[in-house]
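*Asks:*
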Amino acid sequence: MIKEITITVEARDEKNSALRDNLIRKELKKNHIKDSQFETVFVKKSIDARHGQLKLHLRYKVYIGEKPDSAGEWNPLWKSCAGAGPERTVIIVGAGPAGLFGALKLLESGIKPVIIERGTQTSQRRKDIALISTRGQVNGDSNYCFGEGGAGTFSDGKLYTRSNKRGDIGSILRIFNYFGADEKILTDAHPHIGTDRLPQVINAMRDKIIELGGEFHFNERVTALVTESKDGKLCVKGVETQNVESGEKGCFYGKAVLLATGHSATDIYKMLAKLAPDSLEAKTFAAGVRVEHPRSLIDSIQYHGRGAEAGLGAAEYRVTTQVDGRGVYSFCMCPGGFVVPSSSGPDEIVVNGMSAAARNSKWSNAAIVVEIRPEDIPESFKAAAEKAGCPQLAGLFFRREIEKLAFENGNGQAAPAQRLTDFLAGRKSADLPASSYTPGLVSSELGSWLPSHISERLKKGFKQIDQSMHGFISDEALMIAPETRTSTPVRILRDKETYECNAIGGLYPAGEGSGYSGGIVSSAMDGENACARIAEIIK
Numbered sequence: 002m003i004k005e006i007t008i009t010v011e012a013r014d015e016k017n018s019a020l021r022d023n024l025i026r027k028e029l030k031k032n033h034i035k036d037s038q039f040e041t042v043f044v045k046k047s048i049d050a051r052h053g054q055l056k057l058h059l060r061y062k063v064y065i066g067e068k069p070d071s072a073g074e075w076n077p078l079w080k081s082c083a084g085a086g087p088e089r090t091v092i093i094v095g096a097g098p099a100g101l102f103g104a105l106k107l108l109e110s111g112i113k114p115v116i117i118e119r120g121t122q123t124s125q126r127r128k129d130i131a132l133i134s135t136r137g138q139v140n141g142d143s144n145y146c147f148g149e150g151g152a153g154t155f156s157d158g159k160l161y162t163r164s165n166k167r168g169d170i171g172s173i174l175r176i177f178n179y180f181g182a183d184e185k186i187l188t189d190a191h192p193h194i195g196t197d198r199l200p201q202v203i204n205a206m207r208d209k210i211i212e213l214g215g216e217f218h219f220n221e222r223v224t225a226l227v228t229e230s231k232d233g234k235l236c237v238k239g240v241e242t243q244n245v246e247s248g249e250k251g252c253f254y255g256k257a258v259l260l261a262t263g264h265s266a267t268d269i270y271k272m273l274a275k276l277a278p279d280s281l282e283a284k285t286f287a288a289g290v291r292v293e294h295p296r297s298l299i300d301s302i303q304y305h306g307r308g309a310e311a312g313l314g315a316a317e318y319r320v321t322t323q324v325d326g327r328g329v330y331s332f333c334m335c336p337g338g339f340v341v342p343s344s345s346g347p348d349e350i351v352v353n354g355m356s357a358a359a360r361n362s363k364w365s366n367a368a369i370v371v372e373i374r375p376e377d378i379p380e381s382f383k384a385a386a387e388k389a390g391c392p393q394l395a396g397l398f399f400r401r402e403i404e405k406l407a408f409e410n411g412n413g414q415a416a417p418a419q420r421l422t423d424f425l426a427g428r429k430s431a432d433l434p435a436s437s438y439t440p441g442l443v444s445s446e447l448g449s450w451l452p453s454h455i456s457e458r459l460k461k462g463f464k465q466i467d468q469s470m471h472g473f474i475s476d477e478a479l480m481i482a483p484e485t486r487t488s489t490p491v492r493i494l495r496d497k498e499t500y501e502c503n504a505i506g507g508l509y510p511a512g513e514g515s516g517y518s519g520g521i522v523s524s525a526m527d528g529e530n531a532c533a534r535i536a537e538i539i540k
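See below:
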């Protein structure tokens, strides 16, 4: 018999095996299971800091009268695709989680993935990212958003998702573990690889895909879809590319195209808007700021004054509230982390957050953003999108304007910033606290240039957040602007069952850029699901 049981202990008793076994026996007795010999396998841990006490919820699989499953036993089903012709080749645009996990799914059927990535491999990408902080230089094709591994590779590696209906989350985590991620991701309540370790995991994935016959083509930007008409419908049969270094043009052909370009590939949305505007629709997104606190302050708030001596690591938080009919909420909380420059162009400023595996920096940060629905977009951007021939792009134009305004109010990649208390008081900060954001900061009255429906909701939202997290509003709290890439303002329409684009046959949008997922794990599952449908057709 196998029974899953959760027990609750004080933080200091986490390693007390005798107490654990006694609590498990009590739970078995409650379930009318006779006390007997059993073995346990740890499943998951979560921290409960509510009600002024620190508790750990520990979940175990309890094996009664049988032996546990072999720890770590998992056998991949990938096959070699050597010798596969065009009819068993799929073009994958983008080497992020949707593209990589989609490629592995295709390899289960021996189908050849050819991955086209505008950015560089992680080794060169790391150098390009360093130049943003040290010299303010942004490479439009190799940055925090573009390059091998996608946007998550150098901005945290969080694996927590609530998208448990999309697929098998455990399978995604096992694959990450197979390629080198720590075993803890299989049991932590909020699994996290760390930006210092994720690149090596991504490299191992790439090596395996190549070993099995797949291809990678870096520094190749997709400039157009190669299409033909079949039975009166526009269908894709490949992609046109241009090498970002040499300028050389090329074409890649396959049975289908998985479009997994991420939430920042503005040029792809514009390409689709010209080719098939009916393939796009406007969707809700969010924009706001990164809020950075001293880590000790957040730890003290969340651990009720006990701080580092609690021995639980950097504290996390998640907040959400409603302000004037719109959500105001935290996103991508980075305990013991850093705020990083996430621009994908030289004339814009975008910020994001990340943590190393140890989560041991002096700061903790999170995006605090405001929900923006299509009807909230100012009329001028709707008119500009209409003039461009695709009203669905209005949110994209609006996002771009916020990022340009940030650039104008910053200095190169030095971002506009303000103390949270000064923001609420409507005054420019005379000075700014120390920050993890290495390109530098420029004191700015954010409320003077952020759109009012964002800044006013943020002000009300912060006051509500402080009611549940007393001390969140602090003179030490720093706002860095803007956070605009939590999700895309545009969705690429696709069939719910087949994942094929409604307007373009053979095109399968997936991942964050498709508008159907957000985060590493949900994007990985989305790429898997789309490629499973492709494999069904190719078989």
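The opening residue of the sequence shown carries number 2 in this note's numbering; numbering runs sequentially from there. Cβ coordinates follow ideal geometry from the N, Cα and C atoms, glycine included. In this text the structure is predicted, and so the values were computed from the model without any measurement.
1. On the DSSP letters alone, give me the boundaries of the alpha helix (DSSP H) that His454 sits inside.
2. Suppose contacts are defined by Cβ-Cβ distances below 8 Å. Is Gly239 in contact with Lys113 by that definition?
3. In angstroms, rounded to a whole number, what distance separates the CA positions of Ile455 and His294?
4. If contact is defined by three or more beta carbon pairs under 8 Å, each pair taking one atom from either stretch, is the segment 434 to 449 in contact with the segment 310 to 328?
5. Can you name the start and end residues of the alpha helix (DSSP H) that Ser482 belongs to?
6. Using 8 Å as the Cβ pair cut-off and three pairs as the minimum, do the segment 74 to 87 and the segment 19 to 30 touch?
7. Mind pulling the beta strand (DSSP E) runs of 3 or more residues that sit fully within the segment 209 to 263?
8. So the beta strand (DSSP E) Phe286 belongs to, where does it begin and stop?
9. Spatial neighbours of Gly342 within its chain, please: C-beta separation below 6 Å, excluding the five flanking residues on both sides.
10. How about Pro336 and Arg360: do their beta carbons lie closer than 8 Å?
11. If contact is defined by three or more beta carbon pairs under 8 Å, each pair taking one atom from either stretch, is the segment 237 to 252 in contact with the segment 474 to 493?
12. Apart from the five residues just before and just after Leu313, which ones in its own chain have a Cβ nearer than 8 Å to its Cβ?
13. Give the list of continuous alpha helix (DSSP H) stretches no shorter than 4 residues that lie fully inside the segment 406 to 457.
14. Give the single residue among Gly120, Ser356, Val491 and Leu273 whose Cα lies nearest to the Cα of Ala504.
15. Report the CB separation of Arg534 from Gly516 in whole angstroms; it is logged as a contact under 8 Å.
16. Out of Thr41, Ser362 and Phe463, which has the shortest C-alpha to C-alpha gap to Phe59?
17. Straight-line CA distance for Val44 to Asn412?
18. Would you call the CB atoms of Ile373 and Ala288 closer than 8 Å?
19. If you drop the 5 nearest sequence neighbours on each side, which residues of the same chain put their C-beta closer than 7 Å to that of Met334?
20. Distance, Cα to Cα, Phe155 vs Gly141?
21. Taking the beta carbon of Arg428 as the centre, do at least 16 other beta carbons fall within 10 Å, making it buried, or is it exposed?
22. Identify, in the order they occur along the chain, each residue of the same chain with its Cβ nearer than 8 Å to the Cβ of Ala72, setting aside the five sequence neighbours on each side.
23. Which word fits Pro392, buried or exposed, when buried means at least 16 other C-beta atoms lie within 10 angstroms of its C-beta?
24. Relative to the alpha-carbon of Ile536, which residue among Ala426, Thr188, Leu108 and Phe102 has its alpha-carbon at the smallest distance?
25. Is the CB-CB distance between Ile269 and Gly514 below 8 Å?
26. So what does Cys502 bridge to, in DSSP terms?
27. Which same chain residues, not among the five before or five after Thr224, have their C-beta less than 7 Å away from its C-beta?
28. Take the Cβ of Glu229 as the centre, count every other Cβ of all protein chains shown within 10 Å, and call the residue buried at 16 or more, exposed below.
29. Apart from the five residues just before and just after Glu477, which ones in its own chain have a Cβ nearer than 7 Å to its Cβ?
30. Buried or exposed for Gly171, going by 16 or more other Cβ atoms inside 10 Å?
31. What are the boundary residues of the beta strand (DSSP E) that Tyr64 is part of?
32. Leaving out five residues on either side along the sequence, give the residues of the same chain with a beta carbon under 8 Å from the beta carbon of Asp183.
33. Starting from the Cα of Ser436, find the closest Cα among Phe102, Lys363 and Leu160 and give me that residue.
34. Taking the DSSP output, what are the residues bridged to Lys45?
35. Arg327: buried (16+ other C-beta within 10 angstroms of its C-beta) or exposed?
36. With DSSP as the reference, please indicate the residues paired to Ser331 in a beta bridge.
*Replies:* Quick look at the numbers:
1. Ser453 to Ser469
2. no
3. 21 Å
4. no
5. Here residue 482 turns out to be Ala, not Ser, going by the sequence shown. Careful: Ala482 lies outside any alpha helix (DSSP H), inside the beta strand (DSSP E) at Leu479 to Glu484.
6. no
7. 216 to 219, 221 to 231, 234 to 244, 250 to 254 and 257 to 260
8. Phe286 to Pro295
9. Strictly speaking, residue 342 in this sequence is Pro, with Gly absent from that position. Excluding residues within five positions, the ones whose Cβ falls inside 6 Å are Ile133, Gln414 and Pro440.
10. yes
11. no
12. Ala12, Ile48, Leu55 and Tyr304
13. 421 to 426
14. Leu273
15. Not quite, the Cβ-Cβ distance comes to about 18 Å (not below 8 Å), so this is no contact.
16. Before going further, note that residue 59 is Leu rather than Phe in the sequence given. For Leu59, the nearest C-alpha among the options comes from Thr41.
17. 48 Å
18. yes
19. Glu317, Tyr318, Arg319 and Ala367
20. 16 Å
21. exposed
22. Note that Ala72 scores a pLDDT of 46, beneath 50, so its modelled location is shaky; the value from the coordinates is reported in the next line. So the list reads Val42, once near-sequence residues are dropped.
23. buried
24. The amino acid occupying residue 536 in the given sequence is Ala; Ile does not appear at that position. The shortest Cα separation from Ala536 among Ala426, Thr188, Leu108 and Phe102 belongs to Leu108.
25. yes
26. Arg495
27. Glu241, Thr242 and Gln243
28. exposed
29. His294, Pro295, Leu298 and Pro434
30. exposed
31. Lys56 to Ile65
32. Ile194, Arg198 and Ala358
33. Lys363
34. Arg60
35. buried
36. Ile369
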